[in-house]
Amino acid sequence: PYFYETLGKIYLDNGQVGESIIAFEKARQISNNNPLILLGYSQALISADNSKSYLDAIKLLEKAIKKVEKNYTAFRLLEIAYGRSKIYGKSMLAGAEKSLIRGNKNDANYKATQALKLLKVNSPDFFRAKDIIFITKKNK
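Using this note's numbering, the first residue of the sequence shown is number 25, and each one after it goes up by one.
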């Protein structure tokens, strides 16, 4: 899988997004959804710059996060993909998670507070945003 992952990165670095996506898809299949390969694949999908590719990237990033919970890059890419898909509440929540991983409690608190205003009340994401607010207030 790593040959195709490397090939995907090379294609992406050279602006050949379509070829990059094909290479990353092969790497994903061979690796059985290796989370690091999913990150590269998601980056290529986001670079494709269309609605469907953003939604595909979100699905892959959510899989990666389930396998590796505290991955800064995964949450950064998820923040971008949700934002470009106009799913702003989840974008802000992903940004809060990203900031929390980096230790930027003020930014995490701000983004989680903004996310609360946009997320469905009493949803799992809503409660996660409340958790982040609690954690960041407690440790200020």
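Idealized CB from N, CA, C, for every residue including glycine.
Can you check which of these residues, the options, is closest to residue i by C-alpha distance?
i: E103; options: K91, N130 and E86; result: E86
i: F48; options: N38, G39 and S66; result: S66
i: T137; options: V41, F151, G127 and I125; result: F151
i: I61; options: A72, I45, K162 and A153; result: I45
i: A72; options: A98, G42 and P148; result: G42
i: I111; options: L31, G39 and L140; result: L140
i: N133; options: L143, M116 and G32; result: M116
i: A53; options: L36, A120, L101 and L84; result: A small correction: the amino acid at residue 53 is Gln; Ala does not occupy that position in the sequence shown. Closest option to Q53, Cα to Cα, is L84.
i: L129; options: D149, P148 and D155; result: Correcting the residue type first, residue 129 is Lys in the shown sequence and not Leu. Among D149, P148 and D155, the Cα nearest to that of K129 is on D155.
i: N56; options: A118, L31, K91 and D37; result: K91
For the alpha helix (DSSP H) containing residue i, name the first residue and the last one.
i: A107; result: Checking the displayed sequence, the identity of residue 107 turns out to be Gly instead of Ala. That run of the alpha helix (DSSP H) goes Y96 to R108.
i: S147; result: Element bounds for S147: n/a, residue is neither H nor E.
i: A68; result: P59 to S71
i: I46; result: V41 to S55
i: I89; result: S75 to K91
i: G127; result: Careful: G127 lies outside any alpha helix (DSSP H) and carries neither H nor E.
i: I34; result: Y26 to D37
Exposed or buried, what is residue i when buried is set at 16 or more other beta-carbons lying within 10 Å of its beta-carbon?
i: V145; result: exposed
i: K114; result: buried
i: T160; result: buried
i: K135; result: buried
i: S77; result: buried
i: G39; result: exposed
i: K162; result: exposed
i: I34; result: exposed
i: G127; result: exposed
Do residue i and residue j have their C-beta atoms closer together than 8 Å?
i: P25; j: N58; result: yes
i: A81; j: L69; result: yes
i: E93; j: G64; result: no
i: I125; j: Y96; result: yes
i: F158; j: K122; result: no
i: A120; j: A153; result: yes
i: L79; j: S109; result: yes
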